[in-house]
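Note that numbering that gives the first Met the number 0 has the sequence shown beginning at 0, numbered continuously upward.
Glycine included, every Cβ here is placed at the ideal spot set by N, Cα and C.
One structure is given below, encoded as structure tokens.
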Amino acid sequence: MQPNHSARLKTPWMSKSIPDSMRSAGPSSREVVEALQTRVNGMQTQMGQIQRELDGSRSQIVQDEGTIGHLRRRIEELEELVQKQKATIANQSKAISDPRTGRRQQQQQTQTQQQNQAGVYPATPHHQHHQGPSAPYQTPASMRSQHPVAPANVFDYPPPRFELQAVNGAGPAPAPGPATAPGPSTNAFGNEFPHVTGPRLQLTYAEVERHATELGKRLQELFGTTEQWGQAHANVPNVYRDSRLEKRVKEYIMSVSDASTASHLLGNVKTRYLLVAKAINFYLVNEVLKITAVRGFDAVVDAEIEGLKKRLFPGKLPVHIPSHFPYGGTLRVFVWVDTPPSVRQLLVAGLAAQVDIAKRQAQFAGFSQGKMQEHHAQLWALAGPLTTDGSNRAWAELEAIVADAQGLACDMYAVPFEYKFEFAAIDETFNPAEMINRDPAAADAAALRNGEAKVRLGISPAVRIRNDSDNVAVIKQGSLATVLLRQRQRQPRREFSSAMFTPDGLILS
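So, in structure tokens, the structure goes:
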């Protein structure tokens with residue numbers, strides 16, 4: 000019989016059972032509460048930190064608002080200072096343009112002192128009225144030349160009149176009176192700028208009306224000629240030919256109209272020539288009808304023109320103001336600076352004089368011919384591919400158009416006027432006072448009456464002529480804009496039209 004070793008090895012502690020507390024390994028409820036309390040304390044600490052950051056941000060916002068308010072007040076002060084400086088510059092310009100004013104005032108003061116010392120006091124002045132016919136456009140300078148014994152107070156004279164001619168041509172313009180003699184400012188201009196021998200600083204009413212009317216008429220005739228050229232030489236739609244236009248021509252056509260409507264305008268015989276005319280007009284306005292018509296002929300004239308243009312269009316000038324931020328420093332603010340009318344007219348007259356100097360030289364005709372040929376070659380590269388006839392008439396007639404524009408530009412900027420060309424934008428509301436509809440059949444009377452008609456294509460620009468001869472800006476309408484209006488929405492119908500082209504490919508429609 001084998002002995003029982005397990006019974007022999009059995010000890011007393013092996014017979015005892017394991018306690019329940021040792022059998023359960025999970026945390027007690029007390030430990031769970033302590034863990035949750037720890038998390039709550041951490042969250043409260045984070046909330047306190049966030050609250051402090053929020054309070055700091057609010058304080059910074061209040062401080063920034065105060066800084067912004069101070070800067071706004073500072074800007075207002077600077078704007079007020081700029082306005083005062085403008086008035087000072089205008090007064091100084093008047094004194095510069097009329098140097099005899101100071102001598103006249105000094106003589107009057109000397110005479111007054113002598114009379115006071117002698118016990119003689121001047122009597123109350125009586126206004127002497129001119130009995131003859133007066134010019135409708137008179138300035139204090141011109142009136143002083145007619146009334147040498149009149150009082151020197153400028154407020155004793157009536158304000159200058161400038162009768163604008165009706166835009167639509169209805170009603171005759173008032174008959175101008177006799178031309179007045181140039182005032183002291185004209186002579187001073189010639190003395191201060193001896194190289195200026197052409198246009199005068201101030202123009203009479205008759206001269207302003209004559210020049211503005213003539214230039215406006217020539218501009219209208221020029222833009223009308225481009226429509227005639229497009230209708231005669233480029234008004235036959237051709238899908239095959241239009242789809243194979245050069246990329247540069249396609250991009251130019253889309254830039255002067257709209258990418259979504261260019262193909263439809265080219266594909267319709269009623270609108271194709273208008274888009275071609277717009278392409279020609281856009282080039283003429285941006286490349287030919289500018290003061291750059293004389294650039295390259297005389298280096299001295301070019302330098303004079305560039306210097307005058309920088310003074311005429313100063314743009315924005317930087318102004319440094321102290322900063323109230325914590326880090327200190329200064330702020331750089333740009334303020335628009337506008338040239339006073341008196342100084343502006345002086346500069347415009349200087350530009351016109353430089354153009355006149357170039358025009359009077361014997362070699363200028365050959366130079367202008369060469370410049371015209373350059374513009375003609377560039378414009379033909381854009382408009383020539385749109386022509387439909389194979390003759391040389393289109394090329395020759397386009398050359399005549401560019402020649403007229405070149406000559407017109409030289410004549411425009413030889414007169415002390417400023418010009419603004421503005422094409423009507425797409426979807427712009429039709430304005431009958433400034434626009435002419437080139438397709439009356441497409442215009443709806445109710446839409447025109449209610450102001451609902453929108454522009455589909457601006458063909459020729461509206462031209463405004465600015466004159467500052469009397470130190471007051473006067474704007475005249477030189478030429479009305481011609482536009483093509485959008486038609487009323489109709490039921491969609493499939494029609495044959497040219498292919499819609501893009502710079503990279505062709506989309507048939």
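Between the stretch 250-267 and the stretch 350-366 there are fewer than three C-beta pairs closer than 8 angstroms, too few to call the two in contact. Using a C-beta cut-off of 8 angstroms, the stretch 209-223 makes no contact with the stretch 241-258, since fewer than three inter-stretch Cβ pairs fall below that distance. If you look at F281, you'll find it in the alpha helix (DSSP H) that goes R271 to Y282. Annotation: the continuous beta strand (DSSP E) that includes R463 extends over A461 to N466. In the three-state scheme derived from DSSP, where H, G and I count as helix and E and B as strand, L288 is classed as coil. Per DSSP, the continuous beta strand (DSSP E) segment holding G477 begins and ends at V473 to S478. Looking only at R72, I49, G215 and G55, the smallest Cα-Cα distance to Y418 is reached by G215. Less than 7 angstroms divides the Cβ of V482 from the Cβ of A423. When C-beta atoms of the stretch 365-379 are compared with those of the stretch 431-440, fewer than three pairs fall below 8 angstroms, so the two segments do not count as touching. Non-local C-beta neighbours of F363 in its own chain, meaning closer than 7 angstroms and more than five positions away in sequence, comprise F296 and A357, ordered along the chain. A distance of 7 angstroms or more separates the beta carbons of V284 and L385.
Linking K475 to S459 through their CA atoms gives a straight-line distance of about 17 angstroms. Taking 7 angstroms as the cut-off, the Cβ atoms of V287 and A404 count as close.
Pairing G55 with G65, the inter-Cα distance amounts to about 15 angstroms. Between N267 and T225, the C-beta gap is not smaller than 7 angstroms, which leaves the two residues out of contact. The residue from E76, L456, R29 and P415 with its alpha-carbon nearest to that of E208 is P415. Annotation for I304: the continuous alpha helix (DSSP H) segment containing it runs A298 to L311. In the DSSP annotation of this structure, the continuous segment of the beta strand (DSSP E) that includes Y418 starts and ends at E417 to E421. About 16 angstroms separates the Cβ atoms of L479 and A452, ruling out a contact at the 8 angstroms cut-off. Between D301 and L265, the gap from beta carbon to beta carbon reaches 7 angstroms or more. I400: member of the alpha helix (DSSP H) spanning R392 to M411, first to last residue.
About 5 angstroms separates the beta carbons of P339 and I88, which is inside the 8 angstroms limit, making them a contact pair.
With contacts defined as CB atoms closer than 7 angstroms, Y272 and N234 qualify as a contacting pair.
Apart from the 5 residues on each side of it in sequence, R57 has no Cβ closer than 7 angstroms to any other Cβ in its chain.
Judged by DSSP in its simplified three-state form, R359 adopts coil rather than helix or strand. A buried status is given to N466, since no fewer than 16 other beta-carbon atoms sit within 10 Å of its beta-carbon. Spatial neighbours of K370 in its own chain (CB-CB distance under 8 angstroms, excluding positions within 5 residues in sequence) are listed in chain order as A292, G295 and Q405. Taking 8 angstroms as the upper bound for CB-CB distance, L407 and H375 are not in contact here, some 15 angstroms apart. The C-beta distance from H232 to A393 rounds to 4 angstroms, short enough to meet the 8 angstroms contact threshold. DSSP, reduced to helix, strand and coil, places R485 outside both helices and strands of the structure shown, so it counts as coil. Pairing S390 with K309, the inter-Cα distance amounts to about 46 angstroms. Following the DSSP letters along the chain, one finds I252 inside the alpha helix (DSSP H) bounded by residues K246 to V255.
Here the C-alpha atom of Q227 lies approximately 12 angstroms from the C-alpha atom of K277. Bounds of any beta strand (DSSP E) do not take in I425, whose DSSP letter is neither H nor E. Close CB contacts of G229 within its chain, under the 6 angstroms cut and outside five residues either way in sequence, are with Y272, V275 and A276 (chain order).
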